[in-house]
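Novice:
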Amino acid sequence: MLKGFCLIALISQTLMTKGLKNAIAFHHRRSPRLIAKASLSAKETTVKPKYATTERNSLPSIREKHYLSENYDIVIGVDEAGRGPLAGPVVSASFAINRNSEKIKEVNDSKRISEQQRESLFAQLTSDSTARYTVNVTSREVIDEINILQATMESMKNSVAELLSKENGKKAVVLIDGNKIPSGILAACECIVRGDSKEYCIAAASIIAKVTRDRIMIECGKKYPKYGFDEHKGYGTVKHLAAIKEHGPCPEHRKSFKPLRKD
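According to my numbering, the sequence shown is numbered sequentially starting from 733.
(1) Of all the options I875, I878 and H972, which has the alpha carbon lying nearest to the alpha carbon of Y956?
(2) Decide if A974 is buried, meaning its Cβ has at least 16 other Cβ atoms within 10 Å, or exposed.
(3) Would you please state the rounded distance, in angstroms, between the beta carbons of P821 and S891? I believe it to be under 8 Å.
(4) As an exercise, report each continuous alpha helix (DSSP H) stretch of at least 4 residues that is fully enclosed by the segment 815–886, in chain order.
(5) Could you check how far apart the C-beta atoms of Y865 and L895 are, in whole angstroms? I think they sit under 8 Å.
(6) Going by C-alpha to C-alpha distance, which of H964, L881 and E877 sits closest to K987?
(7) Are the CB atoms of N840 and K903 within a distance shorter than 9 Å?
(8) How close, in whole Å, do the beta carbons of F827 and A920 come, if the pair is a contact with beta carbons under 8 Å?
(9) Return the CA-CA distance between L992 and I875, expressed in angstroms with no decimal places.
(10) In angstroms with no decimal places, state the Cα-to-Cα distance between G966 and E886.
(11) When you compare the CB positions of A813 and D946, do they come within less than 9 Å of one another, or not?
(12) Which word fits G927, buried or exposed, when buried means at least 16 other C-beta atoms lie within 10 angstroms of its C-beta?
(13) When you compare the CB positions of D811 and A941, do they come within less than 9 Å of one another, or not?
(14) Let me confirm a value: V925 is counted as buried when at least 16 other C-beta atoms fall within 10 Å, else exposed. Which label applies?
(15) Excluding five sequence neighbours on each side, which residues of the same chain lie with their C-beta closer than 7 Å to the C-beta of N879?
(16) Looking at C-alpha atoms only, which residue of D962, D995 and P983 is the closest neighbour of E873?
(17) When the Cα atoms are used, what is the spatial distance from I808 to G901?
(18) From M888, A863 and E847, pick the residue whose C-alpha is nearest to that of D962; which is it?
(19) From the DSSP output, read off the bridge partner residues of A813.
(20) Can you give me the start and stop residues for the beta strand (DSSP E) that I908 sits inside?
(21) Grab me the residues of K889's own chain with a C-beta within less than 6 Å of its C-beta, minus the 5 sequence neighbours each way, in chain order.
(22) Just confirm the distance between the C-beta atoms of Q849 and E834, as a whole number of angstroms; I'd bet it's less than 8 Å.
Here's what the structure looks like:
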């Protein structure tokens, strides 16, 4: 338990110094102490109000435009980072836009842009005083306890719930990357396969989630330098697998994942 507290303190310090201003919820089912807390005038026209967001970004954002034209106040995009690695947490982010939001031209699926671009866009997305986003970090312990799929769904749900609480009273719809909708989200939802390459709000969430998790794994690399977490971020690279074989797993490795699982 002491190791868990040390890791969370280290993560929190690093993220805060990088300018992550919104709340980051650290969820641990076993111990609640580990929860610490991204108009048209009707007189002038009878046409339904159009989506007024500044169109500088190249993503089609078809569903965003549809919902905002249907008088939803905000559209929330949700994405995760870290389902596949052999170590570390899974991170989910939610990012909200409205009719007056300005889009950053370069925002795209986090997997399609470089690490340097992601860091720059993260700074832009999170430094805007009008930006509304949240991040949820779900620990390795929870992943091993309830499995990675359920941990990811719970992380997404918690991220959305926190953002909805900040936007209380606004009519919201949630666009989720992938083909599954987490249960328990108290808003209209739609899942979109490859949504991070189609909808701006999901792409923005994907960048925030990815950069947050990468920073966490860089700190893990400092704590456990034998494994090279700062390079591969916990994914099962040849170098990482060789380090596990030589040194055995560290506390951040997911014991429920092959080749770490003992059947």
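Where a beta carbon is used, it is the ideal one built from N, C-alpha and C, also for glycine.
Specialist: Taking the coordinates as given:
(1) H972
(2) exposed
(3) P821 to S891, Cβ: 13 Å. No contact.
(4) 847–859 and 872–878
(5) 7 Å
(6) E877
(7) no
(8) The Cβ separation is near 17 Å, so there is no contact.
(9) 13 Å
(10) 21 Å
(11) yes
(12) buried
(13) yes
(14) exposed
(15) S988
(16) P983
(17) 14 Å
(18) E847
(19) V823
(20) A904 to D909
(21) P914, G916 and I917
(22) About 19 Å separates the two Cβ atoms, so there is no contact after all.
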